[in-house]
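S.K.:
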Amino acid sequence: MCTVSLCVSLCLWMHNETVQVAMALEFKDKWLEQFYEDDKRHRLIPSSIENALFRKLEILDAAQAESDLRIPPGNRFEHLEGNLKGWCSIRVNKQYRLIFQWVDGVALNTYLDPHKY
Numbered sequence: 034m035c036t037v038s039l040c041v042s043l044c045l046w047m048h049n050e051t052v053q054v055a056m057a058l059e060f061k062d063k064w065l066e067q068f069y070e071d072d073k074r075h076r077l078i079p080s081s082i083e084n085a086l087f088r089k090l091e092i093l094d095a096a097q098a099e100s101d102l103r104i105p106p107g108n109r110f111e112h113l114e115g116n117l118k119g120w121c122s123i124r125v126n127k128q129y130r131l132i133f134q135w136v137d138g139v140a141l142n143t144y145l146d147p148h149k150y
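Going letter by letter, the sequence shown gives residues 34 to 150 in the working numbering.
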């Protein structure tokens, strides 16, 4: 997928074209959106998870199908149950996870959850 993206970017650059790419990711919290889009730090995001969180958000943004979220296995993609039925999650680390609703290839209402066991 990276190769195709790189090829498309290179071809557009060679032809001097600008393309607006739609994100496949919508956020519940403005601060998380600003972290991803503008590289803006927030007190609710521990500095120890910033790099991993950004990578996981990139994975969510690039995913086109649920199967894309199962790779790498460390994502621990799962459909949630109980009061979060209809929601999905991937792990950022042992404590934090991203929770979202997966609808037609888009992660909606994405938020960071300090998962408590």
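We put the CB at the ideal spot given by N, CA and C, even for glycine.
Taking only the alpha-carbon atoms, compute the straight-line gap between Leu93 and Lys149 and give it to the nearest angstrom.
M.R.: Cα-Cα distance, rounded: 22 Å.
S.K.: If you reduce the DSSP assignment to three classes, tell me which class Phe2 lands in.
M.R.: Since the displayed the chain opens at 34 and closes at 150, residue 2 lies outside it and no answer follows.
S.K.: Compare the beta carbon distance of Leu145 and Leu86 with 8 Å and say whether it is the shorter of the two.
M.R.: The answer is yes: Cβ separation under 8 Å.
S.K.: May I have the straight-line CA-CA distance separating Lys73 from His112, to the nearest angstrom?
M.R.: The alpha-carbon atoms of Lys73 and His112 are separated by roughly 29 Å.
S.K.: Go ahead and label Asn108 buried or exposed: buried means 16 or more other beta carbons lie within 10 angstroms of its beta carbon, across all protein chains shown.
M.R.: Buried, by the Cβ-count rule.
S.K.: Considering only the alpha carbon of each residue, which of Gly115, Pro79, Arg88, Asn116 lies closest to Ile123?
M.R.: Out of Gly115, Pro79, Arg88, Asn116, Arg88 has the C-alpha closest to the C-alpha of Ile123.
S.K.: Report yes if the CB atom of Phe68 is closer than 8 Å to the CB atom of Ile78, and no otherwise.
M.R.: Yes, they are a contact pair.
S.K.: Along the alpha helix (DSSP H) that carries Leu131, what are the first and last residues, could you check?
M.R.: Per DSSP, Leu131 belongs to no alpha helix (DSSP H); it is in the beta strand (DSSP E), 129-136.
S.K.: Have a look at Ala57 and Pro105 and give me their C-alpha separation to the nearest angstrom.
M.R.: The straight-line gap from Cα to Cα measures roughly 19 Å.
S.K.: Does DSSP put Ile82 in a helix, a strand or coil?
M.R.: Three-state DSSP puts Ile82 in a helix.
S.K.: From which residue to which residue does the alpha helix (DSSP H) around Asp71 run?
M.R.: 63-71 is the span of the alpha helix (DSSP H), which, as asked, contains Asp71.
S.K.: Taking DSSP's pairing of strands, which residues face Val139 in a bridge?
M.R.: Note: Val139 sits in a beta bridge opposite Val136.
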